[in-house]
Amino acid sequence: LLKKALGVEKGASTAGLEKVGTLSRDKIREIAQLKAEDLNATSIEGAERIIAGTAQSMGIEIE
């Protein structure tokens, strides 16, 4: 869902150095609400943190 939201084919090969795009907090929340039941999180905020961490590891910047 993160790649689809950005319209990219794959994440960054060096996430700390290379950025493939930027997502807003609102988009992260939207993805977290879609994935909430599949994630091991007790709240939407927890799901947002999981999604944000995954995004950062893919080289996606969060605003």
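The sequence shown begins at 13 in my numbering and counts up one residue at a time.
For glycine and all other residues, C-beta sits at the position ideal for the given N, C-alpha and C.
Strand pairing of L35, partner residues [DSSP]: I74
Run through DSSP, which three-state label would L18 get? helix
On the DSSP letters alone, give me the boundaries of the alpha helix (DSSP H) that A2 sits inside. Nothing can be reported for residue 2: it is not among the residues displayed for the chain, which extend from 13 to 75.
Local Cβ density within 10 Å of G71, reported as buried at 16 or more and exposed below that: buried
Just mark L14 as buried or exposed, buried being the case when its beta carbon has 16 or more other beta carbons within 10 Å. buried
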